[in-house]
Amino acid sequence: MSAMKTAPESARSRDVKNRWLLSLPALAIIFVAALGPLLVMVLYSFLEKGDYGDVKFGIFSLEGWTSVFMQRDIFDDTWGIADAHLAIFWRSIKLSLYTTILTLILGFPTAYFIATRPARTREVWVFLITIPFWTNLLIRTFAMQQVIRNEGILNNLLIWLGIIDTPLQIIYTDTATLLGMTYVYLPLMVLPLYASIEKLDFRLVEAGYDLYANRLQVLRRIVIPLVKPGLIAGSILVFIPSLGAYVIPRVLGGGKNLMLGNLIELQFGAGRNWPLGAAMSITLMALVMIALLFYVRNAARSGVRHG
0 MSAMKTAPES ARSRDVKNRW LLSLPALAII FVAALGPLLV MVLYSFLEKG DYGDVKFGIF
60 SLEGWTSVFM QRDIFDDTWG IADAHLAIFW RSIKLSLYTT ILTLILGFPT AYFIATRPAR
120 TREVWVFLIT IPFWTNLLIR TFAMQQVIRN EGILNNLLIW LGIIDTPLQI IYTDTATLLG
180 MTYVYLPLMV LPLYASIEKL DFRLVEAGYD LYANRLQVLR RIVIPLVKPG LIAGSILVFI
240 PSLGAYVIPR VLGGGKNLML GNLIELQFGA GRNWPLGAAM SITLMALVMI ALLFYVRNAA
300 RSGVRHG
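Under numbering that gives the first Met the number 0, the residue at position 88 of the sequence shown is numbered 87, and the numbers go up by one with no gaps.
Structure representation (structure tokens):
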């Protein structure tokens, strides 16, 4: 009997061992490609900066972390608040939130429209939404630049219609960055919302109308609660890349209105302060993790509520 009991256990143990052995190449790639660079950034953030870039190995320092929100006075060597860094952090968070809100305002009606089309035409609409992903991000950003620049399509159209007399200064402003991120990340909001709305039982919407609810009440009390998982997923998918955006602020912001990605690149480039750049990178990752934890917690609550 004991032999009969141990045979399945032995087979199961060998199966688990074989699975781990088969997973070793993938785990090694993940470690080298993902955890490796992350560990390097963590190490660099606790070292002293070099004289011409790089870091001084073996010299432990917390100045990189301190300099994220503080700065040393060049005259009396005292510490004060790093106003420029705080302004960039705030601009990044603010523009990311605005981008998320704008993509939600534009994406929800778009997703609802697609989900309510006949089944034979939905795939065509989804196909059209995914077409921008075929084009490089840099090319899409330059395309937006041609639309909003002083002699671009938008200003020429407004002048031709007689709405304005002189071109609007949109390019190289926070507004230009916001428009660019909204344009680039809009499909990331539409697709999760469409997936949720497509599964919606529209008989509940009809029941709401039968109970004399108006459209706003049906939207607020029936549709939005049921598509909340897609709404949260789309918001996270837009907020996270917006927070670390680099190309769009660089091209449309003109390098003047920096965001976190630009500030980090500056420290590894002209700033020659690798520990500070590494500390800012980890700080950005922490902000992303907070956003992901927020999503996971809300998704879990939604699952329990609907379960």
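Glycine included, each C-beta is placed from N, C-alpha and C at the ideal position.
For residue i, the residue or residues it bridges with in DSSP
{"i": "VAL246", "result": "Answer is none; VAL246 lacks a bridge partner."}
{"i": "GLU47", "result": "LYS55"}
Residue i versus residue j - alpha carbon distance
{"i": "TYR245", "j": "MET258", "result": "7 angstroms"}
{"i": "ARG296", "j": "ILE73", "result": "45 angstroms"}
{"i": "TRP78", "j": "PHE126", "result": "54 angstroms"}
{"i": "THR174", "j": "SER95", "result": "12 angstroms"}
{"i": "GLY229", "j": "SER195", "result": "5 angstroms"}
{"i": "SER27", "j": "LEU42", "result": "Here residue 27 is Ala; the residue named in the question, Ser, does not match the sequence. Their backbone Cα atoms lie some 20 angstroms apart in a straight line."}
{"i": "PRO117", "j": "LEU190", "result": "17 angstroms"}
{"i": "VAL123", "j": "GLN145", "result": "28 angstroms"}
{"i": "TYR203", "j": "VAL237", "result": "Here the sequence assigns Leu to residue 203, which means Tyr is not the residue at that position. Going from the Cα of LEU203 to the Cα of VAL237 covers about 29 angstroms."}
{"i": "LYS198", "j": "ALA114", "result": "9 angstroms"}
{"i": "PHE157", "j": "PRO131", "result": "Residue identity check: residue 157 is Leu in the sequence provided, not Phe. Whole-angstrom Cα-Cα distance: 26 angstroms."}
{"i": "ILE128", "j": "ARG121", "result": "11 angstroms"}
{"i": "ASN135", "j": "PHE56", "result": "38 angstroms"}
{"i": "PRO248", "j": "SER66", "result": "23 angstroms"}
{"i": "GLY49", "j": "MET279", "result": "17 angstroms"}
{"i": "ARG139", "j": "TRP133", "result": "10 angstroms"}
{"i": "ALA32", "j": "VAL39", "result": "11 angstroms"}
{"i": "ARG18", "j": "ARG11", "result": "11 angstroms"}
{"i": "SER91", "j": "SER241", "result": "8 angstroms"}
{"i": "ALA25", "j": "ARG13", "result": "20 angstroms"}
{"i": "ALA86", "j": "ILE29", "result": "35 angstroms"}
Contact set for residue i: own chain, Cβ-Cβ below 7 angstroms, skip 5 residues either direction
{"i": "GLY243", "result": "LEU259, GLY260, LEU283"}
{"i": "PHE107", "result": "LEU192"}
{"i": "SER1", "result": "Summary for SER1: the model assigns pLDDT 46, below 50, so the residue's position carries little reliability; its value from the coordinates is reported in the next sentence. The answer is none, since no qualifying residue turns up."}
{"i": "LYS255", "result": "TYR171"}
{"i": "ALA277", "result": "MET40, TYR43, SER44, GLY63"}
{"i": "LEU178", "result": "MET143, ILE147"}
Residue i (DSSP reduced to helix, strand or coil)
{"i": "GLY79", "result": "strand"}
{"i": "MET352", "result": "Examination of residue 352 is not possible in this model, given that the chain is present from 0 through 306 alone."}
{"i": "MET279", "result": "helix"}
{"i": "GLN144", "result": "helix"}
{"i": "ASN297", "result": "helix"}
{"i": "SER1", "result": "Only weak support is given to the placement of SER1: the predicted model assigns it a pLDDT of 46, under 50, and the value that follows is read from those uncertain coordinates. Helix at SER1."}
{"i": "MET40", "result": "helix"}
{"i": "GLN70", "result": "strand"}
{"i": "LEU236", "result": "helix"}
{"i": "SER60", "result": "coil"}
{"i": "VAL226", "result": "coil"}
{"i": "GLN168", "result": "coil"}
{"i": "ILE87", "result": "helix"}
{"i": "GLY207", "result": "helix"}
{"i": "ASP200", "result": "coil"}
{"i": "LYS16", "result": "helix"}
{"i": "MET258", "result": "coil"}
{"i": "ALA35", "result": "Sequence inspection shows Gly at residue 35; the Ala mentioned does not correspond to that position. The answer is helix: DSSP assigns GLY35 an H, G or I state."}
{"i": "THR109", "result": "helix"}
Contact set for residue i: own chain, Cβ-Cβ below 8 angstroms, skip 5 residues either direction
{"i": "ARG148", "result": "ASN154, ILE169, ILE170"}
{"i": "MET69", "result": "TRP78, GLY79, ILE80, ALA81"}
Distance cut-off 7 angstroms: residue i Cβ against heavy atoms of the ligand COA
{"i": "PRO117", "result": "What this structure holds is no ligand at all, so the ligand COA is not there to describe."}
Other residues of its chain near residue i: CB distance less than 6 angstroms, five sequence neighbours each side excluded
{"i": "GLY52", "result": "ARG271"}
{"i": "ALA269", "result": "none"}
{"i": "THR99", "result": "SER234, VAL237, PHE238"}
{"i": "ALA110", "result": "VAL189, LEU192, TYR193, ILE196"}
- Take every Cβ of the segment 226–237, pair it with every Cβ of the segment 156–171, and state whether three or more of those distances are shorter than 8 angstroms. Taking one beta carbon from each stretch, the segment 226–237 and the segment 156–171 have fewer than 3 pairs nearer than 8 angstroms; the two do not touch.
- Item | Cβ pair count under 8 angstroms reaching 3, the segment 214–231 against the segment 75–91 | Too few Cβ pairs lie closer than 8 angstroms, so no.
- Message: If contact is defined by three or more beta carbon pairs under 8 angstroms, each pair taking one atom from either stretch, is the segment 261–274 in contact with the segment 177–189?
- Response: Contact fails: fewer than three Cβ-Cβ distances are below 8 angstroms.
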